[in-house]
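Report on the structure given below.
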């Protein structure tokens, strides 16, 4: 099963070696992807254990699960999570539900092939590690001290003095990345213009969070995801496998802090904040104290959110949180790390296939890394903004957002929330060289489309405006023609006299009983009666038939589009 996706040794470039710093989601995902393509690698993990319990959970979305499915990890992840999210609740500060979404798992699978699941981050790391065939490629207790590079190679030196040399170094070591720090130092020596010197202090954090795992909590249904809205703080409470419950208490720091002023918190500060919120309602029967008092692990940390301007320099690149850090609320952090690992693998495989029998030059590697950043930067920037906006809404961080949360969100239709949550899935990349999973779904991922969706563009916009102007001009000319040939006068006379023009036939006055509608119908009958009956000559029915056939496609399009749920509140409907 582990070798069905490739033939071992199928890659021409066997000597190329990737040093991966960090053995978490991004690092082990990349390692497994490289192994599936026969590319040599080495993972250096700072912790003594490859999957330490640090109190973190992870949500996997369809965009991440699709790549894991290609790697043979999806089924195990869903099995270990046990309970896909079936019901979503939005609750107020009293724990009362003001909006809910039933059968969320079925609708998500129907649309995007995969559910939303939550389990320990440690569990996902263990799944990835177990899937790696050559465990000797994953080394623990290897904390990085320095990273050096030359025209021929890149070398990582660990704190215990060991050297590990490869063709490239990938920093998958989180938001406080040692590899990124070393990359900046290397760039400063070789090209001081490459890195913005102000960026070290540009990292912003508006929120802080206590996140944790509790066991034996009563009152949280299995397969549920609960968001609790409050002023300047909020909760996210997903149920977990077994008797686990995950929770996040997010609070506004009071202002956005940058760089070195972003606080780091002690256990005493965590306990003090938790004490302030012990009586907060999660549901009408559950308080935060019920979660916190049954925790098995918890962490209090600031929540930086940022996309770095430069992800790479020469033979060094950063991925995952080391390049793009998101708020946890949307669950896209880990999934984005998997996506970027896939994008890097796609580009590396393509580059090596185009360079048989030799190592890639520094220039070729730089171009490869630039391609990865170009493919991913806009998407992760959008995801960072989306996560921040949703966090602001659930913390009700302004009077307008408070009003929206209290008086607008309760009336959101399901399709609108589904779209807001799921429109980010389709643009996600997958591994190009591995087979796409054969999972049924009605909303295609972009790489499954024969033609990539594009914006209208300036030319399309100009044509759109031109056609509107032509339609308006034609309408004006029609009005003028009716005035010149006396049609409007004749029509006015017919309505007043209640007679069809040029005949003594009585014009019917009542059709529906609604005067506004009946007046429009009288006008139409007066205009088209002679043409339909052929009273004005045999050519008019033929002309009318042509007119109706020309209208049929337009009426059909308007009718079909008007029934689409997303158009329910538009003029089409």
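Numbering (the UniProt record's numbering), first residue to last: 1 to 573. Backbone N, C-alpha and C fix where the C-beta goes; we use that ideal spot for every residue, glycine too.
- Secondary structure at residue 495: helix, using DSSP grouped into helix, strand and coil.
- Here residue 374 is exposed, its C-beta having fewer than 16 other C-beta atoms within 10 Å.
- Minimum Cα-Cα distance from residue 542 among the listed residues 528, 554 and 555 corresponds to 528.
- Going by C-alpha positions, residue 507 is about 34 Å away from residue 560.
- For residue 252, the enclosing beta strand (DSSP E) has its first and last residue at 244-258.
- In this structure residue 335 is buried. Its beta-carbon is surrounded by 16 or more other beta-carbon atoms within 10 angstroms.
- Residue environment for residue 177: buried (at least 16 other C-beta atoms within 10 angstroms of its C-beta).
- Buried is the label assigned to residue 23, since at least 16 other Cβ atoms lie within 10 Å of its Cβ.
- Ranking 325, 249 and 25 by CA distance to the CA of residue 394 puts 249 first.
- The C-alpha of residue 399 lies about 27 Å from the C-alpha of residue 422.
- When the beta-carbon positions are compared, residue 21 and residue 138 stay at least 9 Å from each other.
- Residue 173 and residue 146 have their alpha carbons spaced roughly 13 Å apart.
- Leaving aside the five residues that flank residue 390 on each side, the residues in its chain whose CB is nearer than 8 Å to its CB run, in chain order, 327, 329 and 330.
- The distance from the Cβ of residue 171 to that of residue 350 is about 22 Å, inconsistent with a contact at the 8 Å cut-off.
- Inclusion of residue 26 and residue 387 in the CB contact set at 9 Å is not warranted, their separation being larger than that value.
- One alpha carbon belongs to residue 378, the other to residue 443, and they sit about 22 Å apart.
- Considered as a whole, the stretch 487-566 harbours 487-497, 515-533 and 539-562 as its complete alpha helix (DSSP H) runs of no fewer than 4 residues, in chain order.
- Within the stretch 155-183, the complete beta strand (DSSP E) segments at least 3 residues long are 163-166 and 168-171, listed from N- to C-terminus.
- For the pair of segments examined, the stretch 292-308 was found not to touch the stretch 353-370: the number of CB pairs separated by less than 8 Å stays below three.
- For residue 275, the enclosing alpha helix (DSSP H) starts and ends at 267-276.
- Around the Cβ of residue 470, a 10 Å sphere holds fewer than 16 other Cβ atoms; the residue is exposed.
- In chain order, 349 place their CB closer than 6 Å to the CB of residue 433, counting only its own chain and leaving out the 5 sequence neighbours on each side.
- Counting only residues of its own chain and dropping the five nearest sequence neighbours on each side, residue 235 has a CB closer than 8 Å to the CB of 226, 227, 228, 247, 248, 249, 250, 280, 282 and 288.
- In this chain, residue 133 is not harboured by any alpha helix (DSSP H), its DSSP state being neither H nor E.
- The continuous alpha helix (DSSP H) containing residue 406 extends over residues 399-407.
- Of the residues assessed, residue 45 falls on the buried side of the cut-off, its CB having 16 or more other CB atoms within 10 angstroms.
- Residue pairing for residue 312: DSSP places it in a beta bridge opposite 317.
- Sequence-distant Cβ neighbours of residue 284 in its own chain, meaning closer than 6 Å and more than five residues away, are 95.
- For residue 208, the uninterrupted beta strand (DSSP E) segment begins and ends at 204-215.
- Pairwise C-beta distances place the stretch 103-111 out of contact with the stretch 213-221, as fewer than three of them are shorter than 8 Å.
- The distance from the Cβ of residue 265 to that of residue 224 is about 29 Å, inconsistent with a contact at the 8 Å cut-off.
- Within the same chain, Cβ atoms closer than 6 Å to the Cβ of residue 64 are found at 335 and 338, the five residues on either side in sequence being excluded.
- Looking only at 49, 196, 495 and 277, the smallest Cα-Cα distance to residue 505 is reached by 495.
- Contact holds between the stretch 198-217 and the stretch 252-271, because three or more Cβ pairs, one in each stretch, are under 8 Å apart.
- DSSP, reduced to helix, strand and coil, places residue 149 within a strand of the structure shown.
- Contact annotation: residue 124 and residue 60 have beta-carbon atoms nearer than 9 Å.
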